[in-house]
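Asks: I have a structure I would like to understand better, so I am pasting it below and will then ask my questions one at a time.
Residue numbers (the working numbering), protein chains in the order written: chain A, 10 to 316; chain B, 856 to 1146.
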């Protein structure tokens, strides 16, 4: 079973790439693979290469990977409750990450940890550094996860679903935080989410993922205004809109069908059973990602032109 | 300001723990018994009215029934039994704690390696554990003592060697479940090495059942030491409750009082540790459910 099949991504310094797709499309597995965190039995990287700062990551040793994880590439995970150790103090959890990459003693590490907490705008950082995870709210815990990820000064920050576990108001705060950090630190970010609003605010480029493949890849504006892949188009159209013209009541458009079974994916294009534009070749040949316009890539036998 | 907050945080978790422990009334009683036993063992010189070794081999002094001077009488050598029981506390408690420390260190070490790494290492360690579990602990202890000697320090360590397998099993089970937790992946994601994850992340979570088992094992270890001494196989130089019972055996009809206090002490001590273990269980488990 191939959770991720044929993914080509590129992130330049200071750029934010948004990786969007439904639950189960393989986004988190992609992120974990970049850091080689997929447990190797049962998982396996079959083919391809991951190049970071001009070096191939897949051939690096265990020790070298431990250095890259945290200081080179860092990841902030999805569920802030389960990804924090419940019996350790927050300050210690951040300081632990710092001590792994810098030669500092416990006191200095804690001081840096407090600075990291301030960076993610946790109020009363110095007082709260000795608290436990269950003493924080969900939004605060998400900030702590981001703080841990940033504590070693990574070149690439991968943020996995930063807003999914939170209420709408806190979501806005986190998006604002990420936006501020992006500006202040010239951060390169891989933003993984299924929330189109988040990605629209923060990303420079977007890659759309479906059933383990990248189906479209372009800059933010093109994705939202001129989507070429039927899946992308359907995603954009499914965003609920508050209509002011007819006084409200518009039917929500959904995509027919459901995400394919990854053990037995559909033949040819994996989206074709749900695609309103499909033609005969869609069920037999698998489209490759091709550049149809400057910087705009699509994997479709019959992409949408016009608009 | 920082120091005050650190104290507050420690008090919060320590205080919290005490609050939960307090709820089990009998567990608090167990703790109080333990404190009394600790005082008896630390200050034996001051509390015991007589020298426990001093013999008085006259017909008037030996095998005397309980009196004002000798609250539980004297033994066949004229020694005051009350004082001997008080001094015996030291040996029994030391035996219990030492054995459990040995058992917990070995059990936690092997259990964590087994649970975390799995595979062939796990199989090897667990087969060894199974082998040891087949043999009844006491007989294993008898064999070891007869082969390697019966000085009291050795006995304490040997008892530890007979009880570590169940701790190892317990710790391994905890490791198997904790290592699948998300925060372990998070630790890997910041570059933590295996050693760091085992001791820094997983162990603080996995240790709770081992602590509870440890407190129950103290009672068990004390019983084992007493049984060994009762059979006459313990350290002949050490004053132990089991030894006092074996001294009392030949005089069971003539001077029955000799066996009462040592037996009662063993019973109360083991009960106290069982109650404490129960209390720890209540205090620590809701914390786990909170997650």
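Beta carbons are placed, not taken as given, at the ideal position from N, Cα and C, and that holds for glycine.
Quick check: the region 122 to 134 of chain A against the region 90 to 110 of chain A, are there 3 or more CB pairs under 8 Å?
Replies: Enough Cβ pairs lie closer than 8 Å, so yes.
Asks: Consider the Cβ of residue 110 of chain A: report whether some Cβ of chain D lies at a distance smaller than 8 Å.
Replies: Looking at the structure shown, chain D is missing, and the protein chains on hand are A and B.
Asks: Kindly confirm or deny that the region 1113 to 1123 of chain B and the region 1029 to 1049 of chain B touch, where touching means at least three C-beta pairs closer than 8 Å.
Replies: no
Asks: Compare the C-beta of residue 23 of chain A against all C-beta atoms of chain B and say whether one is closer than 8 Å.
Replies: Within the first chain, the letter at position 14 stands for residue 23 of chain A. Closer than 8 Å: no.
Asks: On the premise that residue 1076 of chain B lies in contact with residue 955 of chain B, defined as a C-beta separation below 8 Å, what is that separation, rounded to the nearest angstrom?
Replies: Counting from 1 along the second chain, the entry for residue 955 of chain B is found at position 100. Counting from 1 along the second chain, the entry for residue 1076 of chain B is found at position 221. Confirmed, about 6 Å.
Asks: Since residue 96 of chain A meets chain B, which of its residues come closer than 7 Å, beta carbon to beta carbon?
Replies: As a first step, residue 96 of chain A must be located in the first chain, where it is residue number 87. 1059, 1060, listed in chain order.
Asks: Is residue 272 of chain A helix, strand or coil by DSSP?
Replies: The residue given as residue 272 of chain A occupies position 263 in the first chain. Of the three classes helix, strand and coil, the one that applies to residue 272 of chain A here is coil, per DSSP.
Asks: Just mark residue 110 of chain A as buried or exposed, buried being the case when its beta carbon has 16 or more other beta carbons within 10 Å.
Replies: Along the first chain, read from residue 1 onward, the residue named residue 110 of chain A stands at position 101. Classification of residue 110 of chain A: buried, given that the 10 Å Cβ count is 16 or more.
Asks: When burial is assigned at 16 or more other CB atoms within 10 Å of the CB, is residue 155 of chain A buried or exposed?
Replies: Here the question's residue 155 of chain A lines up with position 146 in the first chain. Sixteen is the threshold: when 16 or more other Cβ atoms of the shown chains lie within 10 Å of the Cβ of residue 155 of chain A, as they do, the residue is buried.
Asks: Residues of the region 41 to 60 of chain A with a CB closer than 7 Å to any CB of chain B: list them in chain order, please.
Replies: The residues in question are 44, 46.
Asks: Hey, quick one: how far does the alpha helix (DSSP H) through residue 110 of chain A stretch, first residue to last?
Replies: Counting from 1 along the first chain, the entry for residue 110 of chain A is found at position 101. First-last of the alpha helix (DSSP H) with residue 110 of chain A: 99 to 110.
Asks: Classify residue 10 of chain A: buried if its beta carbon has 16 or more other beta carbons within 10 angstroms, exposed otherwise.
Replies: Position 1 of the first chain, counted from the start, is the residue given in the question as residue 10 of chain A. With fewer than 16 Cβ atoms within 10 Å of its Cβ, residue 10 of chain A is classed as exposed.
Asks: Within 10 Å of its beta-carbon, does residue 900 of chain B have 16 or more other beta-carbons around it, so buried, or fewer, so exposed?
Replies: Stepping through the second chain from its first residue, residue 900 of chain B is reached at position 45. Classification of residue 900 of chain B: exposed, given that the 10 Å Cβ count is below 16.
Asks: Sort B:1021, B:1063, B:1124, B:958 by Cα distance to residue 1011 of chain B and report the nearest one.
Replies: Position 156 of the second chain, counting from 1, holds the residue named residue 1011 of chain B. Looking only at B:1021, B:1063, B:1124, B:958, the smallest Cα-Cα distance to residue 1011 of chain B is reached by B:958.
Asks: Return the bridge partner residues of residue 226 of chain A from the DSSP annotation.
Replies: Within the first chain, the letter at position 217 stands for residue 226 of chain A. A:216, A:306.
Asks: Mind checking residue 312 of chain A: buried by the 16 CB within 10 Å criterion, or exposed?
Replies: Along the first chain, one-based indexing puts residue 312 of chain A at 303. Classification of residue 312 of chain A: buried, given that the 10 Å Cβ count is 16 or more.
Asks: Would you call residue 290 of chain A buried or exposed, if buried means 16 or more other Cβ atoms sit within 10 Å of its Cβ?
Replies: Taking the first chain and counting its residues from 1, the one referred to as residue 290 of chain A is at position 281. Counting Cβ neighbours within 10 Å, residue 290 of chain A comes out exposed, since fewer than 16 surround it.
Asks: How long is the line joining the alpha carbons of residue 1030 of chain B and residue 980 of chain B, rounded to whole angstroms?
Replies: Translated into positions along the second chain, residue 1030 of chain B becomes position 175. Translated into positions along the second chain, residue 980 of chain B becomes position 125. If I take the Cα positions, the gap works out to 14 Å.
Asks: Taking the C-alpha atoms as reference points, what is the distance between residue 1023 of chain B and residue 1055 of chain B?
Replies: By one-based count along the second chain, residue 1023 of chain B stands at place 168. By one-based count along the second chain, residue 1055 of chain B stands at place 200. Cα to Cα, the separation comes out at about 18 Å.
Asks: Cutting at 8 Å between CB atoms, please list the residues of its own chain near residue 1101 of chain B, excluding the five before and the five after it.
Replies: In the second chain, counting from the first residue as 1, residue 1101 of chain B sits at position 246. These residues qualify, in order along the chain: 1084, 1085, 1086, 1087.
Asks: If you count every other CB in all the chains shown that lies within 10 Å of the CB of residue 891 of chain B, and 16 or more means buried, which is it?
Replies: Working through the second chain from its first residue, we reach residue 891 of chain B at position 36. With fewer than 16 Cβ atoms within 10 Å of its Cβ, residue 891 of chain B is classed as exposed.
Asks: Is there a Cβ from chain A that is less than 8 Å from the Cβ of residue 857 of chain B?
Replies: Reading the second chain from its first residue, position 2 is the one you call residue 857 of chain B. Only weak support exists for where residue 857 of chain B lies, its pLDDT of 40 falling under 50; the value from the coordinates is given anyway. Closer than 8 Å: yes.
Asks: Name, going along the chain, the residues of the region 1018 to 1052 of chain B whose beta-carbon falls closer than 8 Å to a beta-carbon of chain A.
Replies: Cβ contacts with chain A: 1036, 1037, 1038, 1040, 1041, 1042, 1043, 1044, 1045, 1046, 1047, 1048, 1051.
Asks: With distances taken between CB atoms, is the gap from residue 1127 of chain B to residue 872 of chain B smaller than 8 Å?
Replies: The residue given as residue 1127 of chain B occupies position 272 in the second chain. The residue given as residue 872 of chain B occupies position 17 in the second chain. Cβ distance not < 8 Å, so residue 1127 of chain B and residue 872 of chain B don't count as in contact.
Asks: Going residue by residue through the region 11 to 98 of chain A, where are the continuous alpha helix (DSSP H) segments of at least 4 residues, counting only ones entirely within it?
Replies: 36 to 43, 71 to 80
Asks: Please classify residue 313 of chain A: does DSSP put it in a helix, a strand, or coil?
Replies: The residue labelled residue 313 of chain A in the question sits at position 304 within the first chain. When secondary structure is reduced to three states using DSSP, residue 313 of chain A falls in the coil class, being assigned neither helix nor strand.
Asks: Would you give the residue range spanned by the alpha helix (DSSP H) that residue 960 of chain B belongs to?
Replies: On the second chain, position 105 is the one that residue 960 of chain B refers to. Residue 960 of chain B -> alpha helix (DSSP H) spans 936 to 972.
Asks: Taking all protein chains shown into account, decide if residue 1146 of chain B is buried (16 or more other Cβ within 10 angstroms of its Cβ) or exposed.
Replies: Here the question's residue 1146 of chain B lines up with position 291 in the second chain. For residue 1146 of chain B, the predicted model reports a pLDDT of 41, less than 50, meaning its position is unreliable; a value from the coordinates is still stated below. In the assembly as shown, residue 1146 of chain B is an exposed residue. Its beta-carbon has fewer than 16 other beta-carbons within 10 Å.
Asks: Using CA coordinates, which residue listed in A:204, A:119, A:210 is at the minimum distance from residue 192 of chain A?
Replies: Counting from one through the first chain, the residue named residue 192 of chain A turns up at place 183. Of the candidates A:204, A:119, A:210, the one whose C-alpha sits nearest the C-alpha of residue 192 of chain A is A:210.
Asks: Determine, using beta carbons only, whether residue 1062 of chain B and residue 1034 of chain B come nearer to each other than 8 Å.
Replies: As a working note, residue 1062 of chain B is residue 207 in the second chain. As a working note, residue 1034 of chain B is residue 179 in the second chain. No; because the gap between Cβ atoms is not below 8 Å, this pair is not in contact.
Asks: Taking the straight line between their C-alpha atoms, what separation do you get for residue 246 of chain A and residue 207 of chain A?
Replies: In the first chain, the residue the question calls residue 246 of chain A occupies position 237. In the first chain, the residue the question calls residue 207 of chain A occupies position 198. Their Cα atoms are separated by approximately 16 Å.
Asks: Taking the straight line between their C-alpha atoms, what separation do you get for residue 162 of chain A and residue 1047 of chain B?
Replies: The count along the first chain starts at 1 and reaches residue 162 of chain A at position 153. The count along the second chain starts at 1 and reaches residue 1047 of chain B at position 192. Whole-angstrom Cα-Cα distance: 16 Å.
Asks: Using the Cα positions of residue 1090 of chain B and residue 935 of chain B, report the straight-line distance between them to the nearest angstrom.
Replies: In the second chain, residue 1090 of chain B corresponds to position 235, counting from 1. In the second chain, residue 935 of chain B corresponds to position 80, counting from 1. One C-alpha to the other measures close to 20 Å.
Asks: Residues of chain B with CB under 9 Å from residue 156 of chain A, in chain order?
Replies: As a working note, residue 156 of chain A is residue 147 in the first chain. What residue 156 of chain A touches in chain B: nothing, since even the nearest Cβ is about 11 Å away.
Asks: Given residue 33 of chain A, which residues of its chain have a CB within under 7 Å of its CB, disregarding the five upstream and five downstream residues?
Replies: For the purposes of this step, residue 33 of chain A is taken as the residue at position 24 of the first chain. Cβ within range, chain order: 268.
Asks: Going straight from the alpha carbon of residue 856 of chain B to that of residue 137 of chain A, what length do you get?
Replies: Stepping through the second chain from its first residue, residue 856 of chain B is reached at position 1. Stepping through the first chain from its first residue, residue 137 of chain A is reached at position 128. Only weak support exists for where residue 856 of chain B lies, its pLDDT of 38 falling under 50; the value from the coordinates is given anyway. Rounded to the nearest angstrom, the two C-alpha atoms are 12 Å apart.
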